[in-house]
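S.K.:
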Amino acid sequence: MLSETVKPTDLVYTNGFYYKKFTDKPYSGSVKGLDEHGYLLKGSYKEGKEEGVWEFYYDNGLIYSKSTYKDGKLHGDYEEYFSNGQLERKLTYKNGKLEGVWEEYYENGQLNYKITFKNGERIK
28 MLSETVKPTD
38 LVYTNGFYYK
48 KFTDKPYSGS
58 VKGLDEHGYL
68 LKGSYKEGKE
78 EGVWEFYYDN
88 GLIYSKSTYK
98 DGKLHGDYEE
108 YFSNGQLERK
118 LTYKNGKLEG
128 VWEEYYENGQ
138 LNYKITFKNG
148 ERIK
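Structural data, given as structure tokens:
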């Protein structure tokens, strides 16, 4: 059976979980549609929490951000892009906390700065 796909507006957030409106079971399945900021989003939930790859897009069709979730927490690479498609920032999360190098770029692609994190704390 294929998993269901709903719009973000079909879900409600209660007590730490996402539910499809008018249900009492945490939602599992895909979500696709416009978020509250007007970005197109594609993602999925498992038992009411964000899971797997999430992507947000500008209205010009280019990607705005890409991230990975595990059990409702950011886990893995997170990338944001300028509206021209150029990488703006790249960082990594581990169980919802920043881990490793955060790189921030200018719109022309030149590196602006790097910050290193360990277990959510800035170390350099």
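Every letter in the sequence shown is one number past the one before it in our numbering, and letter 5, counting from 1, is 32.
Just so you know, even glycine gets a beta-carbon here, dropped at the ideal spot from N, CA and C.
1. Let me check understanding here. Comparing Cα to Cα, which of GLY65, LYS47 and LEU101 lies closest to VAL58?
2. Which two residues bound the contiguous beta strand (DSSP E) that contains HIS102?
3. Are GLU130 and LYS121 closer than 9 Å when you measure CB to CB?
4. Give me whichever residues DSSP pairs with TYR83 in a beta bridge.
5. Assign THR36 to one of three DSSP states: helix, strand, or coil.
M.R.: Considering the structure as presented:
1. LYS47
2. 100-108
3. no
4. First, the residue type needs correcting, since residue 83 is Phe and not Tyr in the sequence shown. According to DSSP, which records beta bridges pairwise, PHE83 is partnered with LEU68 and SER92.
5. helix
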